[in-house]
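**Q** Questions regarding the structure given below will be posed in turn.
2 protein chains.
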Amino acid sequence: MLWENRRGVKILLDGSGAKCRMEVMHENKYPVVNHARDPRFLTLRYLQSSQGRSRTGRYIIEGIRHLARAVEQHAPIESVFLDPSVLSNPFGQKLARQLRQRGVSGVRLSHQLYCDLTLAADAQGIGAVLRQRWTPLAEVTVDRNSLWLAVEDLESPGNLGTTIRTAEAVGVTGIFMLGADCDPYDPATVRATMGSLFSQSLTRCLPRELSVWARSNGVAIVGSSPSGLLDYKALSYRFPSVLLIGSEKLGLSEQLLDAADFMVRITMRGHCDSINAAVAAGVLLFEMSSQRRRDHE
Amino acid sequence: MLWENRRGVKILLDGSGAKCRMEVMHENKYPVVNHARDPRFLTLRYLQSSQGRSRTGRYIIEGIRHLARAVEQHAPIESVFLDPSVLSNPFGQKLARQLRQRGVSGVRLSHQLYCDLTLAADAQGIGAVLRQRWTPLAEVTVDRNSLWLAVEDLESPGNLGTTIRTAEAVGVTGIFMLGADCDPYDPATVRATMGSLFSQSLTRCLPRELSVWARSNGVAIVGSSPSGLLDYKALSYRFPSVLLIGSEKLGLSEQLLDAADFMVRITMRGHCDSINAAVAAGVLLFEMSSQRRRDHE
């Protein structure tokens with residue numbers, strides 16, 4: 000006879016009436032997926048591809064920190080996947096229980112299948128499928144303190160994720176994704192955001208659309224380039240503005256260079272001709288946001 | 000009969016006197032290494048390990064940009080390794096020729112062996128073994144504009160390399176490596192420095208030694224932490240100073256927290272509690288160096 004205590008641990012009452020604690024956790028009630036050809040596993044695998052994400056409008060997150068942030072930020076979680084052989088962290092187990100109790104569907108993957116899916120070197124045994132959220136350009140509104148980031152074509156998912164994380168830290172109003180290849184929902188990007196993706200307002204548009212929108216809303220477009228005329232510290236950013244970040248190798252496209260109202264330069268010393276794109280974005284975003292902050296003090 | 004023109008291309012004069020251009024490049028004169036058990040390949044493999052690097056005082060660099068920077072900065076190149084089947088870039092081929100003409104030894108690796116060695120997704124077919132250079136703490140001298148970076152225990156080689164690259168861009172006087180595990184010559188770190196390692200003055204010491212050195216030379220130790228009392232913009236850095244950067248997960252050790260003269264805070268917004276360590280280092284280093292720059296304008 001099975002009996003469940005308040006902590007959700009199943010207790011087996013055997014014939015003698017003695018209680019035997021069973022190693023059955025709540026999350027173990029999800030069905031088991033063992034085969035690589037199981038459609039539920041194939042769906043998870045499909046979301047690792049750019050095509051899979053764009054066709055379904057879904058994406059995958061992994062790890063306790065990410066999932067906890069997703070819950071905290073009310074991100075639309077559709078299902079969870081677990082590897083019970085790895086999910087030993089009590090907080091992670093509690094999170095899985097809570098989601099199951101809220102009616103979120105899920106599966107338990109075999110260790111092998113989970114390893115096939117994860118990017119993490121130290122996989123924590125928990126992940127989820129989420130719905131992507133995009134704000135249409137027409138719904139992006141402006142106030143006098145608005146600061147946006149616009150990413151054109153960062154090749155490195157790590158740099159993109161790190162930049163989204165910085166954008167959250169400085170409190171940007173939103174992020175524009177300008178290139179078709181710029182995918183904030185790529186698993187490696189999501190991983191580098193460290194959970195800061197869920198609170199962001201993301202808008203996908205073309206460079207030309209951004210330019211038209213900025214003009215008609217009085218938003219200044221600020222780009223950066225080694226040949227920028229102004230040092231980035233010399234400009235006052237006390238107006239609604241959008242910072243452009245371009246490709247690591249190629250910088251900004253001609254189209255965006257033409258659209259920019261200001262081109263600033265991060266002055267470097269010695270033989271150095273460039274810094275990492277995510278570091279450059281950080282230096283510029285913190286300068287722009289700290290000028291705004293000083294206005295409010 | 001073989002004849003070599005001024006560009007180093009071998010010309011075969013056949014019986015008829017006609018010249019036939021042979022596809023024999025200068026770098027092809029290096030001996031070929033085909034077997035994974037060849038001691039020359041094993042030496043290269045050994046330098047991929049931390050033990051190999053510390054026991055030999057050597058390290059490996061890869062790619063045309065890195066090698067060109069090493070030559071430009073007069074870094075001590077001991078030998079080169081090539082994969083002629085991949086080295087198609089004319090500048091890379093020229094670099095290989097120049098090094099051979101300067102008497103630098105080398106080997107030609109089979110494509111398979113080169114692939115086993117490289118971290119690059121788009122390997123360029125050229126790399127080198129270099130001698131590590133360390134400046135003893137006793138030889139580190141101070142002037143009133145000196146700015147140092149001290150790295151305690153960055154876990155990610157990418158973050159360490161990116162931070163070294165930023166340090167070059169702001170023109171630091173030198174970099175202290177405080178943890179035993181903090182290896183600037185790890186191949187992934189070297190890769191992320193994008194060639195900015197060769198101009199750096201690197202010093203390995205213990206946190207306690209740094210603290211004693213800073214005290215006796217009038218150098219201020221600046222740390223950063225989310226609980227720092229001063230916003231990083233509020234402090235004037237117009238004195239010789241060393242910026243401490245700690246582990247991504249754990250921050251600075253107790254020992255360094257105690258040693259710091261100032262603890263600054265990068266103020267963040269919203270739910271964000273942290274940014275990437277290399278971005279944080281970039282934001283702080285650019286603020287510190289731009290205050291110095293303004294003094295000179």
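Heads up: the protein sequence lines correspond to chains A and B, in order. In terms of numbering that gives the first Met the number 0, the first sequence opens at residue 0 and continues consecutively. In terms of numbering that gives the first Met the number 0, the second sequence opens at residue 0 and continues consecutively. Using N, Cα and C, we set each Cβ at its ideal position, and we do this for glycine too.
Where do the N-terminal and C-terminal ends of the beta strand (DSSP E) with L81 (chain A) fall, by residue?
**A** Segment 76-81, the beta strand (DSSP E) holding L81 (chain A).
**Q** Which first and last residues belong to the alpha helix (DSSP H) in which V150 (chain A) is found?
**A** V150 (chain A) -> not in any alpha helix (DSSP H); beta strand (DSSP E) instead, spanning 146-150.
**Q** Have a look at S288 (chain A) and I265 (chain B) and give me their C-alpha separation to the nearest angstrom.
**A** Taking the straight line from one Cα to the other gives about 12 Å.
**Q** Between D115 (chain A) and the rest of its own chain, which residues show a CB-CB distance below 8 Å, the 5 nearest in sequence each way excluded?
**A** Closer than 8 Å at the Cβ level, and outside the excluded window around D115 (chain A), lie A35, R44.
**Q** Is there at least one Cβ from chain A nearer than 8 Å to V278 (chain B)'s Cβ?
**A** Yes, contact with chain A.
**Q** What are the residues of the stretch 264-275 of chain A that lie near chain B, defined by any Cβ-Cβ distance shorter than 8 Å?
**A** Within the stretch 264-275 of chain A, the residues whose Cβ lies closer than 8 Å to some Cβ of chain B are I265, T266, M267, R268, G269, H270, C271, S273, I274, N275, listed in chain order.
**Q** Within 8 Å (strictly less), CB to CB, does F261 (chain B) reach chain A?
**A** Output row for F261 (chain B): interface = no.
**Q** Assign T140 (chain B) to buried or exposed, taking buried as 16 or more other Cβ atoms, counted over all protein chains shown, within 10 Å of its Cβ.
**A** When all chains shown are included, T140 (chain B) counts as exposed.
**Q** Would you kindly work out how many angstroms separate the C-alpha atoms of R39 (chain B) and D142 (chain B), rounded to a whole number?
**A** So the alpha carbons of these two residues sit roughly 44 Å apart.
**Q** Please state whether the Cβ-Cβ distance between R76 (chain A) and E151 (chain A) is less than 8 Å.
**A** Before going on, a small fix: residue 76 (chain A) reads as Ile here, not Arg. For I76 (chain A) and E151 (chain A), no; Cβs fall outside 8 Å.
**Q** Taking the straight line between their C-alpha atoms, what separation do you get for Y58 (chain B) and S78 (chain A)?
**A** In a straight line, the C-alpha of Y58 (chain B) is about 47 Å away from that of S78 (chain A).
**Q** By the 10 Å Cβ neighbour count, where 16 or more other Cβ atoms means buried, how is Q50 (chain B) classified, buried or exposed?
**A** Looking at its Cβ environment, which holds fewer than 16 other Cβ atoms inside 10 Å, Q50 (chain B) is exposed.
**Q** Quick check on the DSSP output: the beta strand (DSSP E) that includes G222 (chain B) runs from which residue to which?
**A** First-last of the beta strand (DSSP E) with G222 (chain B): 219-223.
**Q** Given that G227 (chain A) touches chain B, what residues does it touch there, using C-beta distances under 7 Å?
**A** Correct list: empty, because the minimum Cβ distance to chain B is about 15 Å.
**Q** Counting only the same chain and skipping the five closest in sequence on each side, list residues whose C-beta sits under 8 Å from that of W133 (chain B).
**A** Here the set comprises L201, T202, R203.
**Q** Evaluate R101 (chain A) with the Cβ neighbour count: other Cβ atoms within 10 Å of its Cβ, from every protein chain shown; 16 or more gives buried, anything less gives exposed.
**A** By the 10 Å Cβ count, R101 (chain A) comes out exposed.
**Q** Could you check what DSSP says for R130 (chain B) in three-state terms: helix, strand or coil?
**A** In this structure, R130 (chain B) counts as strand in the three-state DSSP scheme.
**Q** Looking at the structure shown, is S104 (chain A) part of a helix, part of a strand, or coil, going by DSSP?
**A** Strand.
**Q** Would the stretch 122-133 of chain B and the stretch 221-228 of chain B be scored as touching if the rule is three or more Cβ pairs under 8 Å?
**A** Cβ pair count under 8 Å is below three, so no.
**Q** Please report the distance separating the alpha-carbon of V278 (chain B) from that of E167 (chain B).
**A** Rounded to whole angstroms, V278 (chain B) to E167 (chain B) spans 15 Å at the Cα level.
**Q** Taking C-beta pairs closer than 7 Å, name the residues in chain C that V189 (chain A) reaches, listed in chain order.
**A** Although the question refers to chain C, the structure presented lacks it and instead comprises the protein chains A and B.
**Q** Please list the partners that A168 (chain B) has in chain A, where partner means a Cβ-to-Cβ separation under 7 Å.
**A** The answer, in chain order, is M267, R268, C271, I274.
**Q** Below 7 Å on C-beta distance, what does V282 (chain A) contact in chain B?
**A** Near V282 (chain A) (Cβ distances below 7 Å), the residues of chain B are G281, V282, F285.
**Q** Once DSSP output is grouped into helix, strand and coil, what is the label at F197 (chain A)?
**A** Three-state result, F197 (chain A): coil.
**Q** Verify the CB distance criterion: does T165 (chain A) have a CB-CB separation below 8 Å to chain B?
**A** So, interface residue.
**Q** For the alpha helix (DSSP H) that contains E71 (chain A), what are its first and last residues?
**A** Note, E71 (chain A): alpha helix (DSSP H), 63-71.
**Q** Compare the Cα-Cα distances from A74 (chain A) to each of A:L98, A:L81, A:G91 and report the closest residue.
**A** Nearest C-alpha to A74 (chain A): A:L98.
**Q** In its own chain, which residues sit with a C-beta less than 7 Å from the C-beta of S195 (chain B), not counting the 5 before and 5 after it?
**A** The answer, listed in chain order, is I163, R164, E167.
**Q** For M176 (chain B), write down the residues that DSSP places opposite it in a beta bridge.
**A** M176 (chain B) pairs with B:V150, B:R203.
**Q** Taking just the CA atoms, how far does N216 (chain A) sit from G170 (chain B)?
**A** Roughly 40 Å separates the two Cα atoms.
**Q** Let me confirm a value: F80 (chain A) is counted as buried when at least 16 other C-beta atoms fall within 10 Å, else exposed. Which label applies?
**A** With 16 or more Cβ atoms within 10 Å of its Cβ, F80 (chain A) is classed as buried.
**Q** Are the CB atoms of V241 (chain B) and A276 (chain B) nearer to each other than 8 Å?
**A** Cβ distance not < 8 Å, so V241 (chain B) and A276 (chain B) don't count as in contact.
**Q** Of the residues that make up the stretch 190-201 of chain B, which ones have a beta carbon closer than 7 Å to any beta carbon in chain A?
**A** Result list: S195, S198.
**Q** Under 8 Å, do L129 (chain B) and A187 (chain B) count as touching if we go by C-beta distance?
**A** Not closer than 8 Å, so no.
**Q** Quick one: does K28 (chain B) have its CB under 8 Å from some CB of chain A?
**A** It does not: the Cβ of K28 (chain B) has no partner Cβ on chain A nearer than 8 Å.
**Q** Checking contacts by CB at 8 Å: is S240 (chain A) closer than that to chain B?
**A** No, because no Cβ of chain B sits closer than 8 Å to the Cβ of S240 (chain A).
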